[in-house]
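Heads up: the sequence shown begins at 40 in my numbering, then just goes up one per residue.
By construction, the Cβ of each residue, glycine as well, lies at the ideal position given by its N, Cα and C atoms.
Only a predicted model underlies this, so the values are computations on that prediction, with no experimental measurement involved.
Have a look at the structure below, then the notes.
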Amino acid sequence: MAASRNSKVKLRGQAARADRHELYELSVQDPKSEVQFVAKTFKRLRKRKASSLREDFCGTAVFSLAWVRSNRERTAIGVDLDGETLQWGLEQRVRPAGERDGVDYESRMTLREANVLDASPTLTDVAVGYNFSYWCFETREQLLAYFEAARAGLVDDGVLFLDAYGGTEVPMSEINEREVIDERGVVNEGEPFTYVWDQIRYNPITGHMDCAIHFEFEDGSRIDEAFSYSWRVWTLPELRELLLEAGFATVRIWAEREDDDGDGTGTYYETKDLDNEGVWWVYISAEN
Ligand SMILES: C[S@@+](CC[C@H](N)C(=O)[O-])C[C@H]1O[C@@H](n2cnc3c(N)ncnc32)[C@H](O)[C@@H]1O
Numbered sequence: 040m041a042a043s044r045n046s047k048v049k050l051r052g053q054a055a056r057a058d059r060h061e062l063y064e065l066s067v068q069d070p071k072s073e074v075q076f077v078a079k080t081f082k083r084l085r086k087r088k089a090s091s092l093r094e095d096f097c098g099t100a101v102f103s104l105a106w107v108r109s110n111r112e113r114t115a116i117g118v119d120l121d122g123e124t125l126q127w128g129l130e131q132r133v134r135p136a137g138e139r140d141g142v143d144y145e146s147r148m149t150l151r152e153a154n155v156l157d158a159s160p161t162l163t164d165v166a167v168g169y170n171f172s173y174w175c176f177e178t179r180e181q182l183l184a185y186f187e188a189a190r191a192g193l194v195d196d197g198v199l200f201l202d203a204y205g206g207t208e209v210p211m212s213e214i215n216e217r218e219v220i221d222e223r224g225v226v227n228e229g230e231p232f233t234y235v236w237d238q239i240r241y242n243p244i245t246g247h248m249d250c251a252i253h254f255e256f257e258d259g260s261r262i263d264e265a266f267s268y269s270w271r272v273w274t275l276p277e278l279r280e281l282l283l284e285a286g287f288a289t290v291r292i293w294a295e296r297e298d299d300d301g302d303g304t305g306t307y308y309e310t311k312d313l314d315n316e317g318v319w320w321v322y323i324s325a326e327n
């Protein structure tokens with residue numbers, strides 16, 4: 040998977056002034072509630088509190104930051120291949136949050152520029168791999184190697200959390216748009232912008248898919264392919280089989296409870312059945 044801006048194109052207007060990491064964070068990340076789910080589910084499964092976390096494919100490490108912010112005992116290790124993105128997270132998120140809160144979050148965080156397949160030098164209670172990042176491993180051998188490495192980096196009663204999505208609308212060329220606004224008035228000078236999720240092509244023979252995120256602005260400017268993804272769309276039974284093969288004992292699927300209007304409530308339940316219509320999105324837990 041590549042996460043890169045098409046640098047050949049000269050940006051103008053609001054697009055030129057916007058920061059793609061900020062736009063991404065506002066559009067697709069919700070670290071506070073993700074941390075809540077992980078902490079609560081770990082407690083439910085393991086009857087103890089989780090304190091140490093490894094965030095694989097951490098990017099700007101906002102999940103790791105939310106983890107250490109949620110409890111002063113908590114520590115986090117963020118792992119990503121992209122040193123520039125890690126540095127952005129440190130300078131734009133971790134240090135400013137520490138200054139604002141008067142807490143040295145950085146001392147409880149380790150950001151490693153490394154491959155998630157490399158052995159982790161420290162064992163943790165929890166590991167997370169979010170936003171389908173592990174789909175960059177497109178063969179059974181590669182994904183098995185990742186699940187084995189993820190498991191080897193956990194303590195005896197550790198839990199790996201992943202997410203996955205699918206449904207009838209996923210294996211097709213489709214563009215989805217959503218207006219996003221930063222209520223704080225910081226991102227994009229407080230003006231709304233449009234998040235565009237572009238499912239470019241899907242090959243049913245290999246399961247390979249190319250997708251991209253574009254951002255569009257009120258002044259007509261645009262960041263084309265702010266992030267691009269090249270991955271395999273894995274199914275839940277395939278993932279379960281590979282996780283068990285990697286040595287995990289139990290694999291569970293968690294879906295978000297919806298209210299009467301069909302909106303997510305932020306609470307999750309373990310499920311063995313899903314409606315495949317449209318798009319579904321779930322968390323997966325794999326217990327040692
Ligand atoms: C889509 S971003 C995910 C960011 C964040 N985890 C999130 O939830 O939005 C994927 C990240 O995975 C990183 N990455 C891709 N392959 C990797 C690998 N083998 N080891 C470590 N990081 C990798 C990329 O550099 C990129 O920052």
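Looking at the DSSP output, E213 shares a beta bridge with Q238. Per DSSP, the beta-bridge partners of A203 are V321. Within 7 angstroms of the C-beta of Y234 there is not a single heavy atom belonging to ligand 1. With respect to L84, D221 sits apart: the two C-beta atoms are not nearer than 8 angstroms. Taking the CA atoms as reference points, T233 sits about 8 angstroms from H253.
Bounds of any beta strand (DSSP E) do not take in F186; it lies within the alpha helix (DSSP H) bounded by 179-191. By the CB criterion at 8 angstroms, G305 and E297 fall outside the cutoff. Rounded to the nearest whole angstrom, the CA to CA distance from R271 to R56 is 33 angstroms.
According to DSSP, residue pairing for R151 in a beta bridge involves V118. When C250, T274, Y63 are compared, the shortest CA-CA separation from G128 is found for Y63. Taking each of L201, L120, V209 in turn and checking the Cα distance to T80, the smallest one comes out for L201. For V165, the enclosing beta strand (DSSP E) begins and ends at 163-168. Taken through DSSP and simplified to helix, strand or coil, A288 comes out as coil.
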